[in-house]
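Residue numbers (this note's numbering), protein chains in the order written: chain A, 89 to 338; chain B, -16 to 234; chain C, 427 to 704.
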Amino acid sequence: MRVAMMLVFTALMLALWHLAVRFELVNRTFVADPADAIAVIIRQIGSGALFESILATIARMASGWLLASLLGILIGAGIGSSRLAQQVFMPTLEALRPLPASAVIPVAILLLGLNDTMSIVVIAFGSLWPALLATIHGFQSVPRQLREVGTMLEMSRLRYFFTISLPSALVDIIPGLRIGLALSLILTVVTEMQASLRGVGYDIFMAQRLYRSADLYAGLIVIGMIGFFINQLLLISERRLLPWTTRRVH
Amino acid sequence: MTIAMRPSPLSAIVPICLLLGWEVATRTGTLDPRIFSQPTAIVAAIAEAARDGSLIQATRETLEAAVVGLVLGFVFGVALGILLGLRTGLEVAARPTTEMLRSIPAIAFTPLALLLLGFGLSMEVAIVAYACCWPIFIATLTAVRNIDPRLLEIASVLEMSPQRRLRTIIAPAVFARVVVGLRTAIAFALVVAVTVEILSNPRGLGYALIVAQQTFRPDLMYALIVWLAILGAIFGGLSKLLDYTRIGRLA
Amino acid sequence: MIAVDHKAAGSRGSEHKVIETPNRPPAVSVRNVAMTFGVDEKRHVVFENISFNAAKGEILCLVGASGCGKTTLLRQVAGLQRPTTGEILFDETLITGPSRERAMVFQDYGRALLPWRSVRSNIALSLEGTGRSKEEIAETVTRLMAMTGLSAASSKYPSELSGGMQQRVQIARCIAQKPKLLLMDEPFGALDALTRQSLQDELLSIVAAQKITVVFITHDLEEAIYLGDKVIALGANPGRVLADLTIDLPRPRHQLATREEPEFLRMRHLLHELIVGH
Ligand SMILES: Nc1ncnc2c1ncn2[C@@H]1O[C@H](COP(=O)(O)OP(=O)(O)OP(=O)(O)O)[C@@H](O)[C@H]1O
Ligand SMILES: [Mg+2]
């Protein structure tokens, strides 16, 4: 029933869009027929070009995000579990945080040029913040009782880290990583457009340059799909990694 | 988000070391000043840009787009959220469409907006509005969903007109959550506006930034970045303020 | 301080009584302990002049008005805090920090369990890193779960358990570490009457079998008498020992019979007058 409703509504929207283009209610050079956009996608699947673009985009995004997540968790764990480190670093981090991530693009271009390294550095810089701040917060807010359980059992620092503070902080870290991933997709698209790097973002950019509106819409659909599936994937792994947060009776 | 900390003299160590190290390294030539500039040169560049009015002009253009986009996105997000929140069937049916649209990063629409609207304020506003409307839509939707059904039943029993229902029942119940969505949107607005400018739109601070880079003015480039961080902090402060006033009113 | 020499009042002896002799040192010895917070005008004396002993294998209950410093005192015995003055000895050595010999059952069980671990591995926590093999740990945990009635809940998360079950997990975790001393801060305070009674009896049988010394805080005077070999009544502002009472009730104790004993009722009156009637 729900699925049928979804299908009907989606078909209806597509039909309206199609008819609006068909009867020239909108300008064809600007608004493509959805049928044409889908035809473009199918053609690109056939030629393998779509697969190549998607792969390039995902590889770039994943590298930046993984780098950021790793750094964010490592640095965040260090800062979050030491009061001294917090006093030394937090004010500086707080001052840097409001900087829009895309503002570092010119710096990265100046330092590294228009290439993949630049793109990955920018993506990593942008998605570092949510991972880092979430990790610091997670380590700061280990409940006092749990810390004392560790003390009473005379745990070593290492054991305490792995059995108490890290799992406790995961509840904050994982949503932080998810936000970071959403940001990394955005920055991937931006840097691809800015530096003309092969990928879905670049495809969209070129489609506009060449006034090929069907290609442009096709690219938007593909980016939407990537965003959607990646978010679903992370929501599922969040549930897997934090099973105790969802299986709740009270 | 983070636990409040008393200011400590230790906090000054990192920024002072960074700035001093930067200044010294560029003066001795360890770092190339044509790429890294110098803290003193950056301060001078800010002062210069503030004096000749270019900074104020660019800031006005960026803020114009951010604020207008935010307002449009807010209106659209709230309207859509209330509509779909009250019509459960419609919301379920529309979910693939909304999820799909929500998954497209607003920035990816830059080429399309350019095609449809050309360079200028309107394309930037459209993209900012698109980015801002989703967190507000989601917040409104969940807020409307969580209205006690009994309240809506009372409204039906009293045969309230839709306007009255909106004013006396829906709006108060929804308000608090929508503010949370609005805070996210405020954070988005400035970032998205600047990004669109960096990417293509020849106006505002983002464009000034990319021009500074391309004309080999690293001092101006870093100056603009510092200025953007300050603006970002002001936006963040505004959204915090919103939270306090909300708490104040409810208390 | 009202010294109540209960034995001199002539009461019937109990065969299970732990005999305190001068040549057998007490397990816990609190000597002239005081605790103050703040300095100068803000100085706040939580308690002072606190002295008492608990013999090996004895259950010592601390009762007293809210705020008289029971939790603070217990944390000092645990080694989580240090007293301002005075000293606390365990097995004749000064307590300077926490130790695995002393286990602490925290009051809010909800927050003292690791929410990401099942019942089984929450209990196993106190055995990990002690050089025991996986099989050995699993075996001990299984035995403890059977003992505390947790077997059916073995793979559940704490959030899926009732309060009573959560507190059972915490007790099992503490017993697993084979402590010589068990410290309990109002462990049953938030539970319903029936659950509380069954946990009281479970605690008594476990502690008797393992010969663990217990320091038990409670607000409930009857609970203190029912469980204790000894009850220390504390007064507030500042906290001090009002009475050090020996409970001469036969063991094993029984929820109905013990509570109907004339001695039980006499103790209840005495404590009530000491603490509430003040
Ligand atoms: N860190 C601290 N700083 C200042 N005062 C404290 C601190 N910890 C405890 N106190 C004070 O010490 C007193 C005793 O606290 P404690 O929690 O030990 O009492 P309690 O007897 O356990 O009370 P309850 O029966 O309510 O649990 C209280 O007045 C409390 O305000
Ligand atoms: Mg207490």
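The beta-carbon is built from N, C-alpha and C at its ideal position, and this holds for glycine as well. The structure presented is a predicted model; accordingly, all values stated were derived computationally and were not measured.
(request) Taking F642 (chain C) and L625 (chain C) to be in contact with their CB atoms under 8 Å, please state how far apart those CB atoms are, rounded to whole angstroms. (result) Going by Cβ atoms, the distance from F642 (chain C) to L625 (chain C) rounds to 12 Å, so no, they are not a contact pair.
(message) Within a Cβ cutoff of 6 Å, which residues of the same chain sit near L323 (chain A), ignoring the five residues on either side of it in sequence?
(response) none
(message) Distance check for L499 (chain C) and T566 (chain C), CA to CA, integer angstroms please.
(response) 31 Å
(request) Determine the DSSP secondary structure at E518 (chain C), reduced to helix, strand or coil. (result) coil
(message) For a quick check, are the C-beta atoms of M693 (chain C) and I651 (chain C) less than 9 Å apart?
(response) yes
(request) Round the Cβ separation of A529 (chain C) and L570 (chain C) to the nearest angstrom and send it over; I've been treating them as touching at under 8 Å. (result) Contact doesn't hold; Cβ gap of about 13 Å is too wide.
(message) In the DSSP output, what is M476 (chain C) paired with across the bridge?
(response) According to the sequence shown, residue 476 (chain C) is Ile rather than Met. In the DSSP output, where bridge partners are listed per residue, I476 (chain C) has C:V459.
(message) Residues of the stretch 70 to 88 of chain B in Cβ contact with chain A at a cutoff of 9 Å, in chain order, please.
(response) G72, L73, V75, A76, A77, R78, P79, T80, E82, M83, L84, R85, S86, I87 and P88
(message) To the nearest angstrom, how far is the alpha carbon of T71 (chain B) from that of L134 (chain B)?
(response) 16 Å
(message) Among B:T42, B:T123 and B:L53, whose alpha-carbon lies nearest the alpha-carbon of R186 (chain B)?
(response) B:T42
(request) Run the CB neighbour count on Q197 (chain B), radius 10 Å, all protein chains shown included, and call it buried at 16 or more, exposed below. (result) exposed
(request) Determine the chain B residues that contact I193 (chain A) at a beta-carbon separation under 7 Å, and present them in chain order. (result) I181
(request) Check each residue of the stretch 292 to 317 of chain A: if its Cβ is closer than 9 Å to any Cβ of chain B, include it; give the result in chain order. (result) I292, F293, M294, A295, Q296, R297, Y299, S301, L304, Y305, G307, L308, I309, I311, G312, M313, I314, G315, F316 and F317
(message) Tell me which residues share the same chain as A429 (chain C) and place their Cβ nearer than 6 Å to its Cβ, disregarding the 5 neighbours each side in the sequence.
(response) Residue confidence is low: A429 (chain C) scores 47 on pLDDT, short of 50, so the model does not pin down where it sits. No coordinate-derived value is stated.
(request) Specify which residues have a beta carbon nearer than 7 Å to any heavy atom of ligand 2, listing them in chain order. (result) C:K496, C:T497, C:Q533, C:D611, C:E612 and C:I643
(request) Using the DSSP secondary-structure output, state which residues sit across from C487 (chain C) in a beta bridge. (result) C:F642 and C:V657
(request) Pick helix, strand or coil for P16 (chain B), following the three-state DSSP scheme. (result) helix
(request) Give a yes or no on whether the minimum CB-CB distance between S37 (chain B) and chain A is below 9 Å. (result) no
(message) Does chain B have any CB closer than 9 Å to the CB of P183 (chain A)?
(response) For the sequence presented, residue 183 (chain A) should be read as Ala rather than Pro. It does; some Cβ of chain B falls within 9 Å.
(message) On the criterion of 16 or more Cβ atoms from any shown chain inside 10 Å, does A30 (chain B) qualify as buried, or is it exposed?
(response) exposed
(message) By the DSSP assignment, the beta strand (DSSP E) with R528 (chain C) in it spans what residues?
(response) R528 to V531
(message) Using DSSP's beta-bridge definition, name the partner residues of I670 (chain C).
(response) Just to set this straight, residue 670 (chain C) is Asp in the shown sequence, not Ile. Answer is C:I658, bridged to D670 (chain C).
(message) What would DSSP say about T510 (chain C), mapped onto helix, strand or coil?
(response) coil
(request) Give, in chain order, every residue of the stretch 237 to 269 of chain A whose Cβ lies closer than 8 Å to some Cβ of chain C. (result) V237, T239, M240, L241, E242, M243, S244, R247, T251, I252, P255, S256 and L258
(request) Have a look at S215 (chain A) and S157 (chain A) and give me their C-alpha separation to the nearest angstrom. (result) 8 Å
(request) Say whether chain B places a C-beta atom closer than 9 Å to the C-beta of R336 (chain A). (result) Because the pLDDT of R336 (chain A) is 48, which lies under 50, any placement of that residue in the model is unreliable, and the question is left without a value.
(message) Within 10 Å of its beta-carbon, does G68 (chain B) have 16 or more other beta-carbons around it, so buried, or fewer, so exposed?
(response) buried
(message) Does chain A have any CB closer than 9 Å to the CB of M530 (chain C)?
(response) yes
(request) For G226 (chain A), I'd like the list of residues in its chain whose CB is within less than 6 Å of its CB, leaving aside the five on either flank, ordered along the chain. (result) A257, D260 and I261
(request) Determine the chain D residues that contact A538 (chain C) at a beta-carbon separation under 9 Å, and present them in chain order. (result) In summary, chain D is missing from the structure at hand, where the protein chains are A, B and C.
(request) Please name the residues in the stretch 275 to 286 of chain A whose beta-carbon is closer than 8 Å to at least one beta-carbon of chain B, in chain order. (result) V277, V278, M281 and Q282
(request) State the DSSP-derived secondary structure class of A234 (chain B), mapped to helix, strand or coil. (result) The predicted model places A234 (chain B) with a pLDDT of 34, which falls under 50 and marks its position as unreliable, so this point remains unresolved.
(message) Let me see if you follow: with CB-CB separation under 9 Å, is I121 (chain B) close to chain A or not?
(response) no
(message) Here's the rule: buried if 16 or more other CB atoms are within 10 angstroms of the residue's CB, otherwise exposed. What is G703 (chain C)?
(response) exposed
(request) May I ask you to report which of helix, strand or coil DSSP gives G555 (chain C)? (result) coil
(message) I need the boundaries of the beta strand (DSSP E) containing M610 (chain C), first residue and last residue.
(response) L607 to D611
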